[in-house]
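A.B. asks: Quick one: this structure, given as structure tokens, is what I'll be asking you about.
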Amino acid sequence: GAVVSQHPSWVICKSGTSVKIECRSLDFQATTMFWYRQFPKQSLMLMATSNEGSKATYEQGVEKDKFLINHASLTLSTLTVTSAHPEDSSFYICSATRGREGIGQYFGPGTRLTVT
Amino acid sequence: GENVEQHPSTLSVQEGDSAVIKCTYSDSASNYFPWYKQELGKGPQLIIDIRSNVGEKKDQRIAVTLNKTAKHFSLHITETQPEDSAVYFCAASIGNTPLVFGKGTRLSVIA
Chain R
913 GAVVSQHPSW
923 VICKSGTSVK
933 IECRSLDFQA
943 TTMFWYRQFP
953 KQSLMLMATS
963 NEGSKATYEQ
973 GVEKDKFLIN
983 HASLTLSTLT
993 VTSAHPEDSS
1003 FYICSATRGR
1013 EGIGQYFGPG
1023 TRLTVT
Chain C
3 GENVEQHPST
13 LSVQEGDSAV
23 IKCTYSDSAS
33 NYFPWYKQEL
43 GKGPQLIIDI
53 RSNVGEKKDQ
63 RIAVTLNKTA
73 KHFSLHITET
83 QPEDSAVYFC
93 AASIGNTPLV
103 FGKGTRLSVI
113 A
């Protein structure tokens, strides 16, 4: 159990366009979902924490108007990168917690975004 | 806030040998310590975790030890195999707060 999927697995878009990435918990209801970005050979950087039905909490330095997060249900969260620029190119990974305690994060396979 | 230091940044071992990766944390209130394995181009995979009320946990070739007094925890992989080659991340959190990750260790197992 505890499978998290992401779609798409990779995407190439032109500068100025928007891209939506979906994160789903397939076999459990996620109490909380997290969005990370990861640059090559670096650790994961938390972007925001998302709870179903409420606004996401963004980390310092992350533009909430650029990285729109919607957590519509207990199994789906979406990240939309608006007006993407080449510097937004990165590996975006979501994770989800389950259970009452919400301890233990299960990660999706990641989405490779390339902005040309 | 919490700060997690991870060492070494790279580690090469011969197949069959053991590998040890160490992490220290700063916030004594942290009580959950997972380890993740990340292969190239993939998301991190939870391989083992430990909570602060336990000093050691083992799962086949993988074990984690926790020293709360010293605020450090370690990952031990025995009888390493080439498929163990990956980047390993430690992390720490207080309850269900967001994980704070170490910078990762690139493990290479040489056949």
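So the protein lines, in turn, are chains R and C. The first sequence begins at 913 in the working numbering and counts up one residue at a time. The second sequence begins at 3 in the working numbering and counts up one residue at a time. Note that CB positions come from ideal geometry on N, CA and C, so glycine has one too.
1) I need the straight-line Cα distance from C1006 (chain R) to Y38 (chain C), nearest angstrom please.
2) Taking the alpha-carbon positions, what's the T1023 (chain R) to H74 (chain C) distance?
3) Can you find a CB in chain R that lies within less than 8 Å of the CB of Y34 (chain C)?
4) Could you pull out every residue in the same chain whose Cβ sits closer than 7 Å to the Cβ of A31 (chain C), ignoring the five residues on either side in sequence?
5) Quick check: what's the CA-CA separation for C935 (chain R) versus N5 (chain C)?
6) For D86 (chain C), which three-state DSSP category applies?
7) Out of curiosity, what's the CA-to-CA distance linking V17 (chain C) and D51 (chain C)?
8) Going by beta carbon distance, what residues of the same chain come within less than 7 Å of V111 (chain C), once the five residues before and after it are set aside?
9) Relative to the alpha-carbon of F951 (chain R), which residue among R:S1002, R:T1026, R:F1019 has its alpha-carbon at the smallest distance?
10) Along the segment 922–944 of chain R, where does the CB come closer than 8 Å to a CB of chain C? Name the residues.
11) So what does L988 (chain R) bridge to, in DSSP terms?
12) Checking contacts by CB at 8 Å: is N98 (chain C) closer than that to chain R?
13) Mind checking who I52 (chain C) pairs with in its DSSP beta bridge?
C.D. replies: Let me spell this out:
1) Walking along the first sequence from the start, residue 1006 (chain R) turns up at place 94. Walking along the second sequence from the start, residue 38 (chain C) turns up at place 36. C1006 (chain R) and Y38 (chain C): Cα-Cα distance of roughly 14 Å.
2) Looking up residue 1023 (chain R) in the first sequence gives position 111. Looking up residue 74 (chain C) in the second sequence gives position 72. Taking the straight line joining both Cα atoms gives about 32 Å.
3) Locating residue 34 (chain C) in the second sequence gives position 32, counting from the first residue. Yes, because at least one Cβ of chain R sits closer than 8 Å to the Cβ of Y34 (chain C).
4) Along the second sequence, one-based indexing puts residue 31 (chain C) at 29. Excluding positions up to five away in sequence, the list reads I96.
5) Locating residue 935 (chain R) in the first sequence gives position 23, where the first residue counts as 1. Locating residue 5 (chain C) in the second sequence gives position 3, where the first residue counts as 1. Distance between the alpha carbons of C935 (chain R) and N5 (chain C) is about 27 Å.
6) For this step, residue 86 (chain C) is matched to residue 84 along the second sequence. Note: D86 (chain C) maps to helix in three-state DSSP.
7) For the purposes of this step, residue 17 (chain C) is taken as the residue at position 15 of the second sequence. For the purposes of this step, residue 51 (chain C) is taken as the residue at position 49 of the second sequence. Looking at the sequence provided, one finds Glu at residue 17 (chain C) rather than Val. Their backbone Cα atoms lie some 24 Å apart in a straight line.
8) Position 109 of the second sequence, counting from 1, holds the residue named residue 111 (chain C). Result list for V111 (chain C): V15, E17, T82, Q83, P84, D86, S87, in chain order.
9) As a working note, residue 951 (chain R) is residue 39 in the first sequence. Among R:S1002, R:T1026, R:F1019, the Cα nearest to that of F951 (chain R) is on R:S1002.
10) T943, T944
11) Position 76 of the first sequence, counted from the first residue, corresponds to residue 988 (chain R). Beta-bridge pairing links L988 (chain R) to R:R936, R:S985.
12) The sequence position of residue 98 (chain C) within the second sequence is 96, counting from 1. Yes, its Cβ sits closer than 8 Å to a Cβ of chain R.
13) Residue numbering aside, residue 52 (chain C) sits at position 50 when the second sequence is read from its first letter. In DSSP, I52 (chain C) forms a bridge with C:F35.
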